[in-house]
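So in the working numbering the end of the sequence shown lands on 607, straight run, no missing numbers. Every residue, glycine too, gets a C-beta built ideally from N, C-alpha and C. Computed from a prediction, not measured in an experiment: that's the story for all the values here. Written out below as structure tokens is the structure these notes cover.
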Amino acid sequence: MKINFANPSIPNKGVVVILATEGSSLISSTTKFDKQTNQSVTRAIKGSNFKGKNEQLLTLMAPSGTNINRILLVGLGKPKTINELSMQRVGGCIYANLAKTGQAIANIIVDAVDNSDLAAEHLAAQLAYGARLRSYRFDKYRTREEASSKPSLKTLTLISPKSSRARAAFAPLDKIARGVFTTRDLVSEPPNIIYPHTFAQQAQALVKLGIKVEVLGEAQMRRLGMGALLGVGQGSVRESKLVVMRWNGAGRSKSEQPIAFVGKGVTFDTGGISLKPGAGMEDMKWDMGGAGVVVGLMMALAGRKAKVNAIGVVGLVENMPGGNAQRPGDIVTSMSGQTIEIINTDAEGRLVLADALHYTINKFNPKFVVDLATLTGAIIISLGNEYAGMFSNNDQLSERLYKAGEEVDEKVWRQPLGDAYDKLINTDSADMKNIGGRGAGSITAAQFLQRFVGKTPWAHLDIAGVTWSKKDMATVPRGGTAFGVRLLERLVANYYEFK
109 MKINFANPSI PNKGVVVILA TEGSSLISST TKFDKQTNQS VTRAIKGSNF KGKNEQLLTL
169 MAPSGTNINR ILLVGLGKPK TINELSMQRV GGCIYANLAK TGQAIANIIV DAVDNSDLAA
229 EHLAAQLAYG ARLRSYRFDK YRTREEASSK PSLKTLTLIS PKSSRARAAF APLDKIARGV
289 FTTRDLVSEP PNIIYPHTFA QQAQALVKLG IKVEVLGEAQ MRRLGMGALL GVGQGSVRES
349 KLVVMRWNGA GRSKSEQPIA FVGKGVTFDT GGISLKPGAG MEDMKWDMGG AGVVVGLMMA
409 LAGRKAKVNA IGVVGLVENM PGGNAQRPGD IVTSMSGQTI EIINTDAEGR LVLADALHYT
469 INKFNPKFVV DLATLTGAII ISLGNEYAGM FSNNDQLSER LYKAGEEVDE KVWRQPLGDA
529 YDKLINTDSA DMKNIGGRGA GSITAAQFLQ RFVGKTPWAH LDIAGVTWSK KDMATVPRGG
589 TAFGVRLLER LVANYYEFK
């Protein structure tokens, strides 16, 4: 879908979208349209239950004597509640309503709203951003889909008194959306298409944006002593990889300590010898969701030329059973030198992250590191599909992540860590075991990871419950969500970029 911005004019084709605040007050620019159409909007409001509540919709017949196909009236809610997030949701709502109506062109008349803190240009930009995010569709393998089932909307124009400013405000948001879409693509692809080698190829495409990309193969990782990561992938015929992405956007401050993001990239997880049940195993194609987020985030930061030095590291493996697969009872030596007894081969993501985290901290000495992983089913029992679990050794980083999540509606909830939980992963046979007992599964997984970060400020985001959605949301169609890209981009923008 093409998104345009235009100076004020009266639309004469396609769908016209009219905005109203709660109380059914039309914004100023739309009153002109209403007058030219013989008060068609005002009369329709009086004859309906439309109150202008947030995301409330009312479809009107096109007035006679015009080339307009229809009018869509959309509520913004109370002016004081209008903010970036609410406008994104309205934009997504507009797109979802119009996408399959058979209409190819839509025009949204946008103007400043009295008593709102959001200027007209930002209101327009956020509406466009929400529509863009909602427009994602993964349909490349549908060969028999009827045209009527496909989105018809091709052009969305936002008519604003400050169109050039709106266009400028939207430009970096569109780059973030591109990163979100890349993550959704990676998570949605089937496992015969995305595996360690092909995932690494996707990451290598980021060099076009100025990101330096290095791919380590098994021989290089073996020389570095990454026994934890390599053990996970040894049952697969596909070679494991470690991808390192570097964005130096700080200009003259290239020597500035970077920030770092690490992602679990299990491109397919059978559970290994500790085989998962067959029902639902197809969903394990998105067990690389954390790695997908890191790639999308790096793309977003580079795309909008973020003034920050950032490192992205993803460990890529395929966890398969086989004659050479890792066994319960094996003991592996991680890059840090710590030994790990394998109790359950389906607790593999933490093994991948252990070496990836140690490598990242040891090589780059970052200000902080955030790791993301679809790590435990236990976090879904705890938080459902609304929040990601957050575990951290640093209060400031945790608070910043929480605030960023609230701003973009990718929410995180901090969970406890402590010595009592840490003791649950002790074992007589090695320095630690890769799984605790039945209880506190998400916490013991995080305790395991904490043993590999030392004193570096660190946060672990368990995104198992939020990486995939079975329902449509305002700006997220069902499927891969890319949860984490916007969260971490906002974290960087709010606290770590050079101004």
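Reduced DSSP category for residue i - H, G, I as helix; E, B as strand; rest coil
i, result
"A433", "coil"
"R458", "helix"
"F369", "strand"
"G335", "helix"
"I130", "As written in the sequence, residue 130 is Glu, which differs from the Ile given in the question. Coil."
"N498", "Note on residue identity: the sequence assigns Met, not Asn, to residue 498. Of the three classes helix, strand and coil, the one that applies to M498 here is strand, per DSSP."
"T189", "helix"
"I202", "helix"
"F113", "strand"
"M389", "helix"
"K143", "helix"
"T306", "helix"
"N470", "helix"
"V182", "strand"
"E330", "It is worth fixing the name first, because residue 330 is Arg in this sequence and not Glu. It is helical."
"M101", "This structure leaves residue 101 out entirely; the chain is present only between 109 and 607."
"G155", "coil"
"N493", "coil"
"K320", "strand"
Selection from the options that minimises the alpha carbon distance to residue i
i, options, result
"K320", "Y237, G343, L168 and M406", "M406"
"M443", "G431, Q434 and L459", "L459"
"T375", "I302, K413, T447 and A462", "I302"
"P187", "S194, V221, G173 and A204", "V221"
"N146", "G160, G173, L166 and I135", "G173"
"K121", "R151, I176 and D142", "I176"
"E347", "W355, M392 and L338", "L338"
"A311", "R354, A285, R331 and R242", "R354"
"N112", "S136, N215 and A553", "N215"
"N502", "V478, K531 and T484", "V478"
"S304", "K349, L226, S256 and V421", "The amino acid at residue 304 is misidentified as Ser; the sequence shows Pro. Minimum Cα distance to P304 is reached at K349."
"E163", "Y467, N223, L461 and L235", "L235"
"F289", "E253, G411 and G437", "G411"
"E597", "G371, V402, N157 and P269", "V402"
"R245", "A601, Y604 and A590", "A590"
"I213", "L569, K110 and L509", "K110"
"S260", "L231, A204 and D219", "A204"
"D530", "I419, Q558 and S577", "Q558"
"R330", "A464, K415, R252 and I469", "A464"
"S550", "K415, G160, L509 and A496", "A496"
Contact set for residue i: own chain, Cβ-Cβ below 6 angstroms, skip 5 residues either direction
i, result
"E456", "V340 and N427"
"I381", "P429, A433, R435 and T453"
"T583", "Q196, G200, G238, L241 and R242"
"N417", "N356, A358, E364 and P366"
"F556", "R458 and I533"
"V352", "E322 and V421"
"L324", "L350"
"G400", "T291, L294 and V295"
Beta-carbon proximity list for residue i, same chain, < 7 angstroms, skipping 5 on both sides
i, result
"Q144", "I118"
"T535", "E449 and K541"
"A233", "A274, A277, F278 and L281"
"A538", "I439, T447, I448 and E449"
"Q342", "N432, A433 and Q434"
"P116", "S137, I267 and P269"
Exposed unless 16 or more other CB atoms sit within 10 angstroms - verdict on residue i
i, result
"R594", "buried"
"G492", "exposed"
"I571", "buried"
"Y237", "buried"
"K248", "exposed"
"A408", "buried"
"E297", "buried"
"K393", "buried"
"F606", "exposed"
"I153", "buried"
"I489", "exposed"
"G547", "exposed"
"K316", "exposed"
Distance cut-off 8 angstroms: residue i Cβ against heavy atoms of the ligand GTP
i, result
"I213", "With respect to the ligand GTP, the structure offers nothing, as it holds no ligand at all."
Cβ-based neighbour list, residue i, same chain, cut-off 8 angstroms, excluding 5 preceding and 5 following
i, result
"S506", "M498, S500, R522 and A567"
"V149", "I126, L134, T138, F141, D142, L168, I179 and L181"
"G545", "L532 and T552"
"T378", "K384, M389, M392, N427, M428 and P429"
"K60", "The requested residue 60 does not occur in the structure, where the chain is confined to residues 109 to 607."
Using a Cβ distance threshold of 8 angstroms, determine whether the stretch 258-265 contacts the stretch 374-387, with at least three qualifying pairs required. no
Inspect the CB distances between the stretch 203-215 and the stretch 126-133 and report whether three or more fall short of 8 angstroms. no
Count the CB pairs spanning the stretch 506-520 and the stretch 411-429 that are closer than 8 angstroms, and state whether there are at least three. no
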